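Asks: Protein sequence lines, in the order shown, are assigned to chains A and B.
Residue 51 is where the first sequence starts when you use this note's numbering, and the numbers rise one by one after that.
Residue 51 is where the second sequence starts when you use this note's numbering, and the numbers rise one by one after that.
2 protein chains.
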Amino acid sequence: MDNIKSYVQEHKERFIDELKELLKIPSVSADSAYSQDVINTAEAVKESLEKAGCDTVEICETPGYPIVYAEKTIDPNLPTVLVYGHYDVQPADPVDLWKSPPFEPVVKATEIHPEGAIFARGACDDKGQMYMHVKAMEYMVKNNVLPCNVKFMIEGEEEVGSPSLGWFVERNQKKLKNDVILISDTGMISNTQPSITTGLRGLSYVEVEVTGPNRDLHSGLYGGAVANPLNILAKMIAQLHDDNNHITIPGFYDKVEELSREERDEMAKAPFSLEDYKNALDIDDVYGEATYSTNERNSIRPTLDVNGMWGGYTGEGAKTVIASKAYAKISMRLVPDQDWEEITELFTKHFESIAPKGVKVKVTPHHGGQAYVTPIDSIGYRAAASAYNESFGIKPIPVRSGGSIPIVALFEKELKSKTVMMGFGLDSDAIHSPNEHFGIFNYLKGIETIPLFYKYFTEMSK
Amino acid sequence: MDNIKSYVQEHKERFIDELKELLKIPSVSADSAYSQDVINTAEAVKESLEKAGCDTVEICETPGYPIVYAEKTIDPNLPTVLVYGHYDVQPADPVDLWKSPPFEPVVKATEIHPEGAIFARGACDDKGQMYMHVKAMEYMVKNNVLPCNVKFMIEGEEEVGSPSLGWFVERNQKKLKNDVILISDTGMISNTQPSITTGLRGLSYVEVEVTGPNRDLHSGLYGGAVANPLNILAKMIAQLHDDNNHITIPGFYDKVEELSREERDEMAKAPFSLEDYKNALDIDDVYGEATYSTNERNSIRPTLDVNGMWGGYTGEGAKTVIASKAYAKISMRLVPDQDWEEITELFTKHFESIAPKGVKVKVTPHHGGQAYVTPIDSIGYRAAASAYNESFGIKPIPVRSGGSIPIVALFEKELKSKTVMMGFGLDSDAIHSPNEHFGIFNYLKGIETIPLFYKYFTEMSK
Numbered sequence: 051m052d053n054i055k056s057y058v059q060e061h062k063e064r065f066i067d068e069l070k071e072l073l074k075i076p077s078v079s080a081d082s083a084y085s086q087d088v089i090n091t092a093e094a095v096k097e098s099l100e101k102a103g104c105d106t107v108e109i110c111e112t113p114g115y116p117i118v119y120a121e122k123t124i125d126p127n128l129p130t131v132l133v134y135g136h137y138d139v140q141p142a143d144p145v146d147l148w149k150s151p152p153f154e155p156v157v158k159a160t161e162i163h164p165e166g167a168i169f170a171r172g173a174c175d176d177k178g179q180m181y182m183h184v185k186a187m188e189y190m191v192k193n194n195v196l197p198c199n200v201k202f203m204i205e206g207e208e209e210v211g212s213p214s215l216g217w218f219v220e221r222n223q224k225k226l227k228n229d230v231i232l233i234s235d236t237g238m239i240s241n242t243q244p245s246i247t248t249g250l251r252g253l254s255y256v257e258v259e260v261t262g263p264n265r266d267l268h269s270g271l272y273g274g275a276v277a278n279p280l281n282i283l284a285k286m287i288a289q290l291h292d293d294n295n296h297i298t299i300p301g302f303y304d305k306v307e308e309l310s311r312e313e314r315d316e317m318a319k320a321p322f323s324l325e326d327y328k329n330a331l332d333i334d335d336v337y338g339e340a341t342y343s344t345n346e347r348n349s350i351r352p353t354l355d356v357n358g359m360w361g362g363y364t365g366e367g368a369k370t371v372i373a374s375k376a377y378a379k380i381s382m383r384l385v386p387d388q389d390w391e392e393i394t395e396l397f398t399k400h401f402e403s404i405a406p407k408g409v410k411v412k413v414t415p416h417h418g419g420q421a422y423v424t425p426i427d428s429i430g431y432r433a434a435a436s437a438y439n440e441s442f443g444i445k446p447i448p449v450r451s452g453g454s455i456p457i458v459a460l461f462e463k464e465l466k467s468k469t470v471m472m473g474f475g476l477d478s479d480a481i482h483s484p485n486e487h488f489g490i491f492n493y494l495k496g497i498e499t500i501p502l503f504y505k506y507f508t509e510m511s512k
Numbered sequence: 051m052d053n054i055k056s057y058v059q060e061h062k063e064r065f066i067d068e069l070k071e072l073l074k075i076p077s078v079s080a081d082s083a084y085s086q087d088v089i090n091t092a093e094a095v096k097e098s099l100e101k102a103g104c105d106t107v108e109i110c111e112t113p114g115y116p117i118v119y120a121e122k123t124i125d126p127n128l129p130t131v132l133v134y135g136h137y138d139v140q141p142a143d144p145v146d147l148w149k150s151p152p153f154e155p156v157v158k159a160t161e162i163h164p165e166g167a168i169f170a171r172g173a174c175d176d177k178g179q180m181y182m183h184v185k186a187m188e189y190m191v192k193n194n195v196l197p198c199n200v201k202f203m204i205e206g207e208e209e210v211g212s213p214s215l216g217w218f219v220e221r222n223q224k225k226l227k228n229d230v231i232l233i234s235d236t237g238m239i240s241n242t243q244p245s246i247t248t249g250l251r252g253l254s255y256v257e258v259e260v261t262g263p264n265r266d267l268h269s270g271l272y273g274g275a276v277a278n279p280l281n282i283l284a285k286m287i288a289q290l291h292d293d294n295n296h297i298t299i300p301g302f303y304d305k306v307e308e309l310s311r312e313e314r315d316e317m318a319k320a321p322f323s324l325e326d327y328k329n330a331l332d333i334d335d336v337y338g339e340a341t342y343s344t345n346e347r348n349s350i351r352p353t354l355d356v357n358g359m360w361g362g363y364t365g366e367g368a369k370t371v372i373a374s375k376a377y378a379k380i381s382m383r384l385v386p387d388q389d390w391e392e393i394t395e396l397f398t399k400h401f402e403s404i405a406p407k408g409v410k411v412k413v414t415p416h417h418g419g420q421a422y423v424t425p426i427d428s429i430g431y432r433a434a435a436s437a438y439n440e441s442f443g444i445k446p447i448p449v450r451s452g453g454s455i456p457i458v459a460l461f462e463k464e465l466k467s468k469t470v471m472m473g474f475g476l477d478s479d480a481i482h483s484p485n486e487h488f489g490i491f492n493y494l495k496g497i498e499t500i501p502l503f504y505k506y507f508t509e510m511s512k
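1. Suppose contacts are defined by Cβ-Cβ distances below 8 Å. Is Phe507 of chain B in contact with Ile429 of chain B by that definition?
2. Taking buried to mean at least 16 other C-beta atoms within 10 Å of its own C-beta, is Gly301 of chain B buried or exposed?
3. Roughly how many angstroms separate the alpha carbons of Ser441 of chain B and Lys177 of chain B, rounded to a whole number?
4. If contacts are defined as beta-carbon pairs under 8 Å, then Leu460 of chain A and Leu215 of chain A qualify, I think. What distance do you get, rounded to the angstrom?
5. Does DSSP put His183 of chain B in a helix, in a strand, or in coil?
6. Which parts of the stretch 63-141 of chain B are runs of the beta strand (DSSP E), unbroken and 3 residues or longer, counting only runs that do not cross its ends?
7. Between A:Val306, A:His487 and A:Phe202, which has its C-alpha nearest Asn222 of chain A's C-alpha?
8. Lys192 of chain A and Leu494 of chain A look like a contact to me (Cβ under 8 Å); what is the Cβ gap, rounded to whole Å?
9. Which residues, in chain order, does the stretch 252-275 of chain B contribute to contact with chain A at a C-beta distance below 7 Å?
10. Which full runs of the beta strand (DSSP E) of 3+ residues lie inside the stretch 153-232 of chain B, going along the chain?
11. Considering only residues of the same chain and omitting the five flanking positions on each side of Gly103 of chain A, which have a CB-CB separation below 6 Å?
12. If we cut at 8 Å on Cβ distances, does Ile333 of chain B have a partner in chain A?
13. Quick check: the Cα distance between Gly172 of chain B and Glu205 of chain A, rounded to an integer number of angstroms?
14. What residues in the stretch 332-365 of chain A have a beta carbon less than 7 Å from any beta carbon of chain B?
15. How about the stretch 338-352 of chain A and the stretch 261-268 of chain B: do they share at least three Cβ pairs that are nearer than 8 Å?
16. Skipping 5 residues on each side, what residues in its chain have a beta carbon closer than 6 Å to that of Lys319 of chain A?
17. Examine the Cβ distances between the stretch 129-149 of chain A and the stretch 483-499 of chain A and report whether three or more of them are shorter than 8 Å.
18. Who are the Cβ neighbours of Leu324 of chain B in its own chain at under 8 Å, not counting the five residues just before and after it?
19. In its own chain, which residues sit with a C-beta less than 6 Å from the C-beta of His163 of chain B, not counting the 5 before and 5 after it?
20. Closer than 8 Å between beta carbons: that is the criterion. Which residues of the stretch 65-95 of chain B meet it against chain A?
21. Around the C-beta of Pro352 of chain B, are 16 or more other C-beta atoms found within 10 angstroms, so that it is buried, or is it exposed?
22. Taking 8 Å as the threshold (beta carbon to beta carbon), is Ala167 of chain A in contact with chain B?
23. Looking at chain B, which residues of the stretch 377-406 of chain A have a Cβ within less than 8 Å of any of its Cβ atoms?
24. Counting pairs of beta carbons, one from the stretch 357-368 of chain A and one from the stretch 287-294 of chain B, are three or more of them closer than 8 Å?
25. Along the stretch 437-454 of chain B, where does the CB come closer than 8 Å to a CB of chain A? Name the residues.
26. Looking at Pro501 of chain B and Ala186 of chain B, is the spacing between their C-beta atoms short of 8 Å?
27. Determine which residues share a DSSP beta bridge with Tyr377 of chain B and list them.
28. Just the C-alpha distance for Asp304 of chain A and Cys110 of chain A, rounded to the nearest angstrom, thanks.
29. Which of the three DSSP states, helix, strand or coil, is assigned to Pro279 of chain A?
30. Could you name the residues of chain B that Pro484 of chain A contacts, counting a contact when the two beta carbons are closer than 8 Å?
31. Less than 8 Å between C-beta atoms, sequence neighbours within five positions excluded: which residues of the same chain meet that for Asp87 of chain B?
32. Output yes if chain C places a C-beta closer than 8 Å to the C-beta of Ala368 of chain A; else output no.
33. Could you tell me the alpha carbon to alpha carbon distance between Val118 of chain A and Asp67 of chain A, rounded to whole angstroms?
34. Is the CB of His61 of chain B under 8 Å away from at least one CB in chain A?
35. Tell me which same chain residues have a C-beta within less than 8 Å of the C-beta of Leu165 of chain B, skipping the five on either side of it?
36. Return the CA-CA distance between Gly211 of chain B and Thr394 of chain B, expressed in angstroms with no decimal places.
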């Protein structure tokens, strides 16, 4: 595979242009206004996999958005890698904070990406990272160096909790049979220090609605005399953490895996500057659970965050109204051994129990997923480590991520295989935020590194 | 004035049609998208006052929306009544809760208004109540029964805190000279039990902004490690009340007028059914400051309510984001002797002081006004009581309202005259809410009652 670097250099303009075309389609799965765009994106991904040299490429219908499936089998006796990715993207709001339109990709240099980065919704999460695999496949097929069998499963509902993926996986266990699952939907420490994500947090995402009076009221005439849903919602949310920022839901921590002092000390060796972290976010201090460090708070500890909150008059000027209803979207990140369905139930029960008289509360679960840990002694992990080591010239560090890819636990359960998370994004790529981008360096380095994973995985599997 | 009833009966269809025309113009002062409509409404009010028989009618420019001024002087030795009202309306949101479009007035019967009510934004607050005065004027001029001099001052910024009215009043003290100020912008107990508002609460309206990280963040990667502005805002708002629902802002209650047990007992005699109140709002309990009754909570006690709150992802579906900013609009209703500017300062200082490290807080005052009490032994009050007594056949009850008309205190200060608040709306009219309406009975009864006030006020002033 000596010529992968030169192949990438030769074709890089085309690789960037092709990704830009894919990023132009606003495949926002959370908003039904974009449903045709989501479907069009599936079609575009299908075509790209055909061009890359896959033998079978299909659009598989599901109860939701379709899954693009592709495969190339060169020898049934060789190992099979199943690549998972997603072609849907997060909503682009707040759109007015984007410096260039979210669905009109542009390449601009940044401090961290002096060689340029592609700015667009989905550039990193996950169109860019998913498309690295398509281009790596193209390279291996065109140059006759594909060392094993490959399957692709690219879905369109990851950003809304993959509601149809379980349905699909359960019904297609034979088709999806594999020896390792490969996902690029995470990040790495920096462009000079690659890392491999070995842990993911689970997730429980709920929406709450607090209803007070049956209609909006004049705050002068009713203020102080009836429960104001917005004040009550604030009070209820405030009660979900205690003064040490522990979550107060009874039973919430019961199954939380407590890491040993040794493991925590080992984690603390990862390069990290609290000053740089604060400066990058322009905050004067960090904030979180007492007795845990920042890196522990966002990886090995469960959390509860309000992701959206609204009610009453939010327009220009002033309106003296007591809203009938107040809403919040709340997500909890979970750690290994916490069961997301159980946590969702505990949350619901607790939230209902703390509602004062005078309001009604409704909790609607959105979606969830289990936490996951990849063993670092697996062939998959070792093959990935060797691939990074060769392409970056430095050994990658295993890290636990705070993010969630709920389907990883599902894959283990249904397909009985381990997942390796080879992410090439950076924390600063602003995924889920305005001005999301993906470094050209990272994109091309990903295309370079992936074929090496195939090589090492096949060799180590012998 | 025996023929006022027959005059109203004869012209009632026209009176309703004219009001409907006025209600069709969406004069939302809080939203600059409607600025031309606000100006057009001033023009329509001017024309109506000319037709009603005023001698001088002017559109007076101000730094904001214009004030419509009109007068008819029949004898400088007779008393002068200054009518104040407003032609602007509250925003109509949430528009989807209206059963008919807010600016397409329709007459529909309701349980409380079997003879019909006009449904439209501003029907009661204040276009309908203001227009009663225009029609009462028409009657008195046409029938040669106007007993005194009259001035009209109808503004277009009441719903945004009357920012230009002080400016106008200070510059036109001579022009606005009067013996009593008459306002119909409040309510009465019921159609069978009229009441006169003798107290109004003051108001301090602020907007708060809590800023955490400098951009929206992925809640998986940062959740639990940085201060989430939405959680922090909830926590800060929750802290503004203690467990007894007392407001915790230091100094907030220092100047609050404490009513004696006797006064409170007197107030408690007003007809009131807690069961009916709860049923009408579909709430299982009331909620408010410990040791005070519902009617005390919304009249003689100061309050703090969130009128709007927003931040993060509020669209369809789920987005795992930590918002950079969270916002709330908060209003405090004040009672006599609390100074709104001082309270605004106390709030600001306190709110800033309770912000944890990791966030920045900005408090922006919107507007405010002082509380007011009308003496019930004044000529104005006695004349109004006699007028209601005659038109309704029952003596009106003096009540303290929880609402605010911030300019009443300003009038007393600048024009040295007392204000009488003759309101004809009902609590159930849904002012500031979807489906605002004004009973046909109330509208016509107002037109009947107002000329009687002029008669009694002139007689009692002799």
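The C-beta atom is built at its ideal place from N, Cα and C for all residues, glycine as well.
Keep in mind it's a predicted model, so treat the numbers as computed, not measured.
Replies: From the atom records:
1. yes
2. exposed
3. 22 Å
4. 7 Å
5. helix
6. 106-110, 117-122 and 130-136
7. A:Phe202
8. That pair is no contact at about 16 Å.
9. Tyr255, Gly262, Pro263, Asn264, Arg265, Asp266, Leu267, His268, Ser269, Gly270, Leu271, Tyr272, Gly273, Gly274 and Ala275
10. 156-158, 167-169 and 199-205
11. Val191
12. yes
13. 51 Å
14. Asp332, Ile333, Asp334, Asp335, Val336, Tyr337, Gly338, Glu339, Thr344, Arg347, Asn348, Arg351, Thr353, Asp355, Val356, Asn357, Gly358, Met359, Trp360, Gly361, Gly362, Tyr363, Thr364 and Gly365
15. no
16. none
17. yes
18. Val336 and Thr344
19. Gly489
20. Ser79, Ala80, Asp81 and Ser82
21. buried
22. no
23. Tyr377, Ala378, Lys379, Ser381, Arg383 and Pro406
24. no
25. Ser451, Gly452, Gly453 and Ser454
26. yes
27. B:Glu259 and B:Trp360
28. 40 Å
29. helix
30. Arg265 and Asp266
31. Ile75, Pro76, Ser77 and Val78
32. Any reference to chain C falls outside this structure, whose protein chains are A and B.
33. 21 Å
34. no
35. The question names Leu, yet the displayed sequence has Glu at residue 165 of chain B. Here the set comprises Ala159, Gly489, Ile490 and Phe491.
36. 14 Å
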